[in-house]
Amino acid sequence: MSIMRTALLLLLAAVCCTAAVETQDDMVEAVTQGPAALSGDGGYEEILTEILDDIDEIKDISARHLHGLRSTAQRARGNTVYHVFNERKTYAQAQQTCQSINGQLADIKSMDLQKFIEGLIRGVDSRQSYWFGLSDQRVERVWTWTDGTPISNCDFSYWAPGEPNDGSGGQDCGQLWAYAGFKWDDVQCNSQLSFVCQVGPGEENACIAEGSCLKLSLPSGSVTGVGRTAPNYGPETVFGGSGITWNPQNLPRNYNNWWIVFDMQKTYTFSSIKVRNYGDTTHDVTAFKLETSEDKSTWTQVFSTGGVRAGVKTLQPFQGFYGTGRYWRFTATRTATGWQPWLVKLQFCGIEGRPNHKAVAVPGGGITGAGNTPTNGPEKTVDGLAGTFWNPQGLPRNHNNWWIIFDFQTVYTLVAMQITNFGDTTHDVTAFKLEASDDKVTWNPVYSTTGVRPGTKQPQLYGGFSGTGRYWRFTATRTSAGWQPWLVGLKFYTIPAVESKGEVQGDTTQTHFQVMGMAVTAQQARDYCREHRNGHLADIKSAAVHDFVVQTIRKYSNPNENFWIGLQDSSGTSGWKWADGTALTSCSYKNWSPSEPDPPSSGQQCVQMDATNSFSWKNDYCNTKKFFICQTGPGDTRACGNSAREIGPEFKKVKEEMAEDVEEVLEELKEVEVLEELRKIEDELEDAEEKEE
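Residues -19 to -1, 1 to 674, numbered by mature numbering (1 follows the signal peptide of the UniProt record, and there is no 0), are exactly what the sequence shown covers, in order.
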């Protein structure tokens, strides 16, 4: 950025701090007219209007000055800017610095990005090693990007030979290792290194995340279906979605068993499926079931529904299940009029491989269990190893109350779990129950079954439930012979976060909204958005944002649930403010339900989107549990007139702390032709301040 532009940005800060701004229109007028808005002169509209459009860049600069640092190099790549900082910090300190500029440590998910960042580094200091966004701090040996994507879900990795090796123990953070040509190495997180930040979403499509919809291209003959089909109307057409339909013929009306078997060639875990009908009211599928198999002989049903809409040509999503297998069978069990289906498209959503439990992995020390377990403790159930198992000793035969408590450190809503027995007929679990708690005192039943099969080492999946809590207790309530369980593995599955991304009206940067399918208190929701999304509860400041979020809820989540948003009366005096500090009184858009909000005396200081009233606002007690919506990014920064007043104090503080920097800038501008004009502007601003006082 040029010195000239930096100076102009500082002048904008002064304008924001000194102008008396009461509405958003006043803000635009004051900034675009500059001192003329105060003194009667003009001539600055073009420059300052441009700066107003770059307000996020101003925030970025102020944040870096507040923390006393600037990136040594920065460059945009797509809609993401990468910053190289040649300052030595611990991994945690580096992450905090990245967060201070609305970013994170860089996630390098492709060779192209790796080489791009290497080029940036070589322009700074190629002798140094650099932190980037890879660590296994949460679960040992499970390397995960800052955005939560496991590296195992990515095709790209760039470890140095022999790495990661956890050489001296506790090497849980990744560095771009200068000694190895910036290949990756694991190192202790308290080491002091330079670092690379990213501001923006990065490479969102480089890895398969849980819940992603896959573009499958299967070899000829791997898709088979019932009935006779004309050329180009076979079951393989459902992967094309071009309007050509699968049309199984020579079967009677109301056959209701039109199936397609997919050989995926490898194991996949799917958590949702999307169906596109032809769009008429004759041949459209209205009900289906989904089954999976490892051998194309024994089929396990994982999902069924009778809620498919006829007469609709758009993709209809169905989710809330987990299933794993190489072979998958889709069966249309009903059509609109009983005639054969004309099916345009099926889209499978999930991950390659078996279910990914890393999102709810338990940190070290967070597991306790019943019985005496000197070498085979309950942590063996989540170590991912087939040869280890939990073996609680010192309890009588038929104890039937062998329990493990997991502290997930944060609140999760679980919808399925997987259990892996030892595989004998003596110690295998045949029945269990699952409970959730917020305090490890009061336990709420979530699920129980007596249908676990003994004598098999194959993982067994159980779902169809939903429960929420930080603490989870698994209890084996029966084994095959009454002796203590030898339990090899447990995995837990949560509802994947539904993330809808788009540009918010009136803003020049992309804001991400994540619809979270877990029921938590308002404070837990705020903590989750901050810790896991680098954001806050969603600020719904305009009708455009409201419509965008509601569309996402209706498309991907449960439209019958209520959702916490960022509006709160923390003072208990009807002083409603959005999560970014903007006062609601400064916003023209308000969407309260009839007779809302209840008065402060009610104690209902948090706000939800009410599903029963078109997702209008309703205040409620903050300790009640609801789904919630996170926001990452600035949102609609121009929707409320309070924006200038909220930003103003921040820039005033920055201006004071940057006084010496301003003097240096002015010194460097001595030979620049515009210096005198800048000084005139400064004088006019000082006069304006005196008038305001």
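For every residue, glycine included, the Cβ atom is placed at its ideal position computed from N, Cα and C. A quick note: this is a predicted structure, and the numbers were derived from the prediction, not measured.
Sub-8 Å separation of L271 and W227 beta-carbons: Their beta carbons are not under 8 Å apart, which means L271 does not touch W227 by this criterion.
Looking only at DSSP bridge pairs, what is A412 linked to? BP columns for A412 point to R459.
Pull up the DSSP beta-bridge partners for D591, would you. Paired residue(s): S597.
Thinking just about the alpha-carbon of each residue, which of N353, T286, V293 is nearest to the one in L324? Checking every option, the nearest Cα to that of L324 belongs to V293.
Beta-carbon contacts of N353 that lie in its chain and below 6 Å, excluding the five residues immediately before and after: Answer for N353: Q374, G375, listed in chain order.
Does the structure place the segment 607 to 623 close enough to the segment 555 to 575 that three or more beta carbon pairs sit under 8 Å? Segments in contact, yes.
Is the beta carbon of G215 less than 8 Å from the beta carbon of V62? Contact flag unset, no.
Report the rounded CA-to-CA distance for A506 versus W545, giving the unit in angstroms. In a straight line, the C-alpha of A506 is about 8 Å away from that of W545.
Proximity winner among T458, C79, W112, R103, relative to S172 (alpha-carbon distances): Ranking the options by Cα distance to S172, first place goes to W112.
Tell me which same chain residues have a C-beta within less than 6 Å of the C-beta of G319, skipping the five on either side of it? The beta carbon of G319 is closer than 6 Å to those of R234, N235 in its chain, skipping five residues each way along the sequence.
Assign K361 to buried or exposed, taking buried as 16 or more other Cβ atoms, counted over all protein chains shown, within 10 Å of its Cβ. Here K361 is buried: its Cβ has 16 or more other Cβ atoms, across all protein chains shown, within 10 Å.
Option in F269, T305, Q439 with minimal Cα separation from T316: In this structure, F269 is the residue among F269, T305, Q439 with its C-alpha nearest to the C-alpha of T316.
To the nearest angstrom, how far is the alpha carbon of T431 from that of N381? Distance from the CA of T431 to the CA of N381, rounded to the nearest whole angstrom, comes to 12 Å.
With 16 other CB atoms within 10 Å as the buried threshold, where does T593 fall? T593 comes out exposed.
Supposed contact pair D520 and G547 - C-beta distance, whole angstroms, cut 8 Å: The Cβ separation is near 5 Å, so the contact holds.
Might you give, ordered along the chain, the residues of its own chain that have their beta carbon closer than 8 Å to the beta carbon of D88, omitting 5 neighbours on each side? Answer for D88: F113, G114, L115, W126, T127, D128, T130, Q179, G183, E184, listed in chain order.
What residue does the alpha helix (DSSP H) around residue 675 start on, and which one ends it? One cannot answer for residue 675 here, as it falls past the ends of the chain, which runs -19 to 674.
Cβ distance (whole Å) where G450 is taken to contact D419 below 8 Å: Right, the Cβ-Cβ distance comes to about 6 Å (below 8 Å), so this counts as a contact.
Helix, strand or coil: how does DSSP classify G603 here? It should be pointed out that residue 603 corresponds to Cys in this sequence rather than to Gly. Three-state DSSP puts C603 in coil, outside helix and strand.
How long is the line joining the alpha carbons of K90 and R108, rounded to whole angstroms? Taking the straight line joining both Cα atoms gives about 23 Å.
Close-in-space but distant-in-sequence residues of the same chain around P435 (CB under 7 Å, 5 per side omitted): Hits under 7 Å: N402, T406, D409, T411, S461.
Determine the DSSP secondary structure at K70, reduced to helix, strand or coil. In the structure shown, K70 sits in a strand (DSSP, three-state: E or B).
In the DSSP assignment, the beta strand (DSSP E) including D265 goes from what residue to what residue? No beta strand (DSSP E) holds D265; DSSP gives it neither H nor E.
G208 to M398, Cα distance in whole Å? Pairing G208 with M398, the inter-Cα distance amounts to about 37 Å.
Out of curiosity, what's the CA-to-CA distance linking E217 and W239? Taking the straight line from one Cα to the other gives about 14 Å.
For W384 versus T456, is the C-beta distance shorter than 8 Å? Against a cut-off of 8 Å, the Cβ pair of T456 and W384 comes out as a contact.
Could you compute how far the alpha carbon of L94 sits from the alpha carbon of F413? Rounded to whole angstroms, L94 to F413 spans 47 Å at the Cα level.
Going by DSSP in three states, Q532 sits in which element: helix, strand or coil? Residue state for Q532 is assigned as helix, using DSSP reduced to three classes.
Measure the C-alpha to C-alpha separation of D153 and Q85 and round it to an integer number of angstroms. Approximately 17 Å, taken between the alpha carbons.
Does D668 come out as helix, strand or coil in the three-state DSSP assignment? D668 falls in the helix class under three-state DSSP.
Starting from F97, trace the alpha helix (DSSP H) both ways and give me its first and last residue. For F97, the enclosing alpha helix (DSSP H) covers residues 92 to 103.
C-alpha gap between residue 707 and T295, whole angstroms: Any answer about residue 707 is impossible in this case: the structure gives the chain only from -19 up to 674.
M245: buried (16+ other C-beta within 10 angstroms of its C-beta) or exposed? The residue in question, M245, is buried, as its Cβ has 16 or more Cβ neighbours within 10 Å.
Taking the alpha-carbon of E99 as reference, which of A161, G150, G404 has the nearest alpha-carbon? The candidate whose alpha carbon is nearest that of E99 is A161.
Would F311 and F299 be called neighbours here (beta carbons separated by less than 8 Å)? Against a cut-off of 8 Å, the Cβ pair of F299 and F311 comes out as no contact.
Going by DSSP, what residue range makes up the beta strand (DSSP E) through S429? For S429, the enclosing beta strand (DSSP E) begins and ends at 425 to 430.
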